[in-house]
Amino acid sequence: STVAPPSLPPYFIKGSIIQLADGELKRVEDLKTEDFIQSAEISSELKIDSSTVERIEGSHTSPNFAVVQFSVGEHRAQVSVEVLVEYPFFVFGQGWSSCCPDRTTQLLELPCTKLSVGDVCISLTLKNLR
Amino acid sequence: VPVFPWHSLVPFLAPTQSD
Chain A
1 STVAPPSLPP YFIKGSIIQL ADGELKRVED LKTEDFIQSA EISSELKIDS STVERIEGSH
61 TSPNFAVVQF SVGEHRAQVS VEVLVEYPFF VFGQGWSSCC PDRTTQLLEL PCTKLSVGDV
121 CISLTLKNLR
Chain B
1 VPVFPWHSLV PFLAPTQSD
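As they're listed, the protein sequences go chains A and B.
Here the first sequence is numbered in the numbering used here, starting from 1 and rising by one per residue.
Here the second sequence is numbered in the numbering used here, starting from 1 and rising by one per residue.
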């Protein structure tokens, strides 16, 4: 059996129970785009933003990490995040995707596709950020 | 069994406010 590295959050492991904003419980691998959209609609603080993957490159600090550059929201703000290559992002209409889906599947048993430039990921911002 | 809130699975990407 495999153990996820400590820096990868436990809720991405297949079978993890996720509570939606309306109280419904779902397994992480069963989540759909609509679950995130509907939960954000209920939320008073959070809203969903579209974050388009603009660039994916290896990290300078470790081969286990990748730097993903996103274009966030309608203003296309540039945001870069450094994540473990197996870290899953949720792509609109597609589901969980990571820089190294084989590793995600191996470590987390989470069904996952390859994250690619042009993919539109679900991200969050504050509703009243002005 | 731990239950995790939905928003913990989504990266919080706050665009920098330039204005």
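Where is the CB? At the ideal position from N, CA and C, for every residue including glycine.
| Item | Value |
| --- | --- |
| Contact the region 60-67 of chain A vs the region 119-130 of chain A: 3+ CB pairs below 8 angstroms | no |
| Proximity to residue 37 of chain A [Cα-Cα], best of A:99, A:101, A:55, A:93 | A:93 |
| CA-to-CA distance, residue 103 of chain A to residue 109 of chain A, given in whole angstroms | 9 angstroms |
| Beta bridge counterpart(s) of residue 103 of chain A as assigned by DSSP | None; residue 103 of chain A has no bridge partner. |
| Endpoints, the alpha helix (DSSP H) within which residue 41 of chain A is located | 33-42 |
| Integer-rounded CB distance, given that residue 89 of chain A should sit under 8 angstroms from residue 80 of chain A | Not really, about 13 angstroms apart at Cβ, beyond 8 angstroms. |
| Contact residues within the region 22-39 of chain A, judged by C-beta distance below 8 angstroms to chain B | 25, 28, 31, 35, 36, 39 |
| Any chain B beta carbon closer than 8 angstroms to residue 92 of chain A | no |
| DSSP-derived helix/strand/coil call for residue 5 of chain B | strand |
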